[in-house]
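One structure is given below, encoded as structure tokens.
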Amino acid sequence: MTETATPAAAPAQTEEEQFAFFHSRRELVVVQPQGSLALTTTQVIDAEQTVWGVPGRWAPLPAGQSGVSLTASAADGIQVDGALVDGTVVVRGKDDPEPSSIRFSDTVSGFVIAQEGGLYALRVWDAESEAIQEFGSIDAFPYNPEWVVTADWSLNPEGTVLGFEHLKDDGRTRDEVVPGRITFTRDGVDYDLAAFKSGRALQLVFADATNGDSTYSVGRFLFVAPNADGTITLDFNRAVLPPCAFSYAFNCPLPPKQNRFPFAIEAGEKLPLKKDGSPLH
């Protein structure tokens, strides 16, 4: 009887190897056809109008309806939900159960997103954008285990919200649901952070003393989830640049006061770089 050899188990990845894989995936994600570097336009449709860089005439729908209307001829070559537009059609927003997809060409696509106040905006993506052509890498700090922080997690009363200012909103705030409190102590100072819901995760928008120096001036994001034991792990090595660091067409949330650290967090992403190593923006 011949014995069959049992394959040896693959060695577990080190924290440094996991970080390297995470970072390489991030550099792939931002250059996708609808990745952060591909966004060229976000234009609010508040009246009948044209949109920079794409054909057709765009107009708001009656209040309460999702999306916008598009009027174009067959010669414009616009497809909505796979059908060539020749006349006027409704382009459903991302808040609709069946949002519309828009195809302008082999490389240019789009969709419609809801805005504050009931309006909608058209987003245009170019898989061969200038930013994608120039992109070289995302500069990041080396992995540092000292920036893996175990914090306490406690639930807020249901429906707790906090107003987050956004980069292009002229000081206005948008209420976001904050499910719980993230608390920890560093150097004798207590911190009580606010993270809002983002799909299944929590999105922590934070600033620190590196912003405007070695990292993007507006701040960075960290996506986290509570642990079963009532703690929450803040691995700042996985801090990522907000989409607005890659394209000015994004409108990113800004760190609220309690998420602004007076010290330098030398972990995570720094800046997007061109192929020659200079800053992308």
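The sequence shown begins at 1 in the UniProt record's numbering and counts up one residue at a time. Cβ coordinates follow ideal geometry from the N, Cα and C atoms, glycine included. In this text, all values refer to a predicted model and were calculated from it rather than measured experimentally.
With residue i and residue j assumed to form a contact (beta carbons below 8 Å), what rounded beta-carbon distance in angstroms separates them?
i, j, result
"K274", "F135", "7 Å"
"G163", "T173", "3 Å"
"F236", "I265", "5 Å"
Can you tell which of the options has its C-alpha closest to the C-alpha of residue i?
i, options, result
"A207", "N251, K197, A267, F21", "A267"
"G219", "V31, P279, V205, F21", "V205"
"K270", "V68, V240, L122, T231", "V240"
"W147", "P11, E16, P279", "E16"
"P272", "I138, P11, L122", "I138"
"D187", "S109, S278, F261", "F261"
"G56", "V44, F221, L70", "L70"
"I45", "L28, V30, E116, V177", "E116"
"L167", "N156, P242, L39", "P242"
"V89", "P97, T40, S66", "S66"
"E158", "D170, E176, G171, F141", "E176"
"G110", "T160, R123, A225", "R123"
"residue 359", "V161, P253, N237, F236", "Outside the shown range of the chain, which is 1 to 281, sits residue 359, and nothing can be said about it."
"G82", "A121, P99, D190", "P99"
"P62", "T210, A249, A47", "A47"
"A194", "K257, P145, F246, N227", "K257"
"F196", "P255, Y216, D190", "P255"
"V51", "S101, A121, T160", "A121"
"T185", "A72, F263, S101", "F263"
"L84", "A72, K94, D95", "A72"
"P145", "Q18, G277, D276", "Q18"
"A249", "G64, H23, Q34", "Q34"
Under 7 Å, Cβ to Cβ, is there at least one residue of chain D near residue i?
i, result
"A20", "The chain labelled as chain D is not found in the depicted structure, where only one protein chain is given."
Roughly how many angstroms separate the alpha carbons of residue i and residue j, rounded to a whole number?
i, j, result
"G118", "Y143", "43 Å"
"T107", "Q32", "11 Å"
"R200", "P60", "31 Å"
"R92", "Q49", "17 Å"
"F221", "S198", "11 Å"
"I182", "R25", "27 Å"
"D11", "G230", "In the sequence on display, residue 11 carries Pro and not Asp. Spanning the two alpha carbons is a distance of roughly 30 Å."
"N259", "D192", "8 Å"
"V54", "Q79", "12 Å"
"T14", "A20", "10 Å"
"P97", "D213", "43 Å"
"L28", "A38", "12 Å"
"N251", "E165", "10 Å"
"V112", "D126", "15 Å"
"S279", "A75", "Here residue 279 is Pro; the residue named in the question, Ser, does not match the sequence. Approximately 40 Å, taken between the alpha carbons."
"R238", "G171", "28 Å"
"F141", "A114", "35 Å"
"I232", "G77", "50 Å"
"S247", "T40", "7 Å"
"N156", "D190", "18 Å"
"V178", "D86", "45 Å"
"L234", "S36", "24 Å"
"A225", "N211", "24 Å"
"I102", "H281", "28 Å"
"D95", "G64", "12 Å"
"V30", "H23", "11 Å"
Practice problem: Please confirm if the region 120-130 is in contact with the region 147-156, defined as three or more CB-CB distances below 8 Å between the two stretches. | Solution: no
Exercise. Could I get the ranges of all uninterrupted beta strand (DSSP E) runs contained in the region 184-238, with 3 residues as the minimum, in chain order?
Key: Counting only runs of 3 or more, we get 189-198, 201-206, 220-224, 231-235.
Self-check item: Contained beta strand (DSSP E) runs [length at least 3] in the region 144-182, N- to C-terminal order
Solution: 148-155, 161-165, 173-177
Quiz item: Fully enclosed by the region 5-74, which beta strand (DSSP E) runs are 3 residues long or longer?
Solution: 39-45, 49-51, 54-60, 68-72
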